[in-house]
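Count along the sequence shown starting at 1, add 1230, and that's the number in this note's numbering.
Note that CB positions come from ideal geometry on N, CA and C, so glycine has one too.
Written below as structure tokens is the structure these notes are about.
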Amino acid sequence: MESNLQQTLAGRCFDGGVIFCCPPAWRKLLPPGVLGAERAEALAEQYWPLLVLTRRGCGELGDTAALCRVLLVPGDCTAPLERITAETVVTHGLSSRDSLTLSSLAEPVLCVQRQLPRPGGGVVEPQEFPLPELPAPAAELLPLLGLRLLQLPQTSAPFVW
1231 MESNLQQTLA
1241 GRCFDGGVIF
1251 CCPPAWRKLL
1261 PPGVLGAERA
1271 EALAEQYWPL
1281 LVLTRRGCGE
1291 LGDTAALCRV
1301 LLVPGDCTAP
1311 LERITAETVV
1321 THGLSSRDSL
1331 TLSSLAEPVL
1341 CVQRQLPRPG
1351 GGVVEPQEFP
1361 LPELPAPAAE
1371 LLPLLGLRLL
1381 QLPQTSAPFV
1391 W
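Right, dumping it as structure tokens:
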């Protein structure tokens, strides 16, 4: 008998990746093909091109194993991540050590500190993105901003809500 998770995933394509412990308010902002997962078991169901951990997701990961091409994780995540196998780890946060950060909080500017691989191929070069009006504080939205930057086509505006 199929589990509820298998039934939920059956026939749906999440080739855009997954964000674990996605806040409900963000769901409508997810790019097409991205799963907002609430249960850690969903992470073990397939190889993800992009796996995004929110701060809450880091805390609720437990001993779940997952495979992904790119892992986007808070730079200050204290959860043990040894059960996640990723080709590349990209950190986000407010530290200068993070790959994805904000260079200004007053007028939010998303700063790409180093070249970042895109899950579907190609890279995002180091640069700054002035952000439009956001639905929440930029620091809280960093996982979602990173997901949109890495996932949406480079020809589209990743931060148009």
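Check	Outcome
Three-pair Cβ contact test at 8 Å for the region 1307-1319 versus the region 1368-1376	no
Classification of residue 1274 by the beta-carbon crowding that lies within 10 angstroms, buried from 16 upward	exposed
In chain order, each alpha helix (DSSP H) run of at least 4 residues that lies wholly inside the region 1303-1383	1368-1381
Residue 1301 (DSSP reduced to helix, strand or coil)	strand
Classification of residue 1335 by the beta-carbon crowding that lies within 10 angstroms, buried from 16 upward	exposed
Beta-ladder partner(s) of residue 1278, from DSSP	1298
Between the CA atoms of residue 1346 and residue 1357 - distance to the nearest angstrom	11 Å
Close Cβ partners of residue 1369 (< 8 Å) along its chain, the five nearest in sequence each way excluded	1324, 1332, 1335
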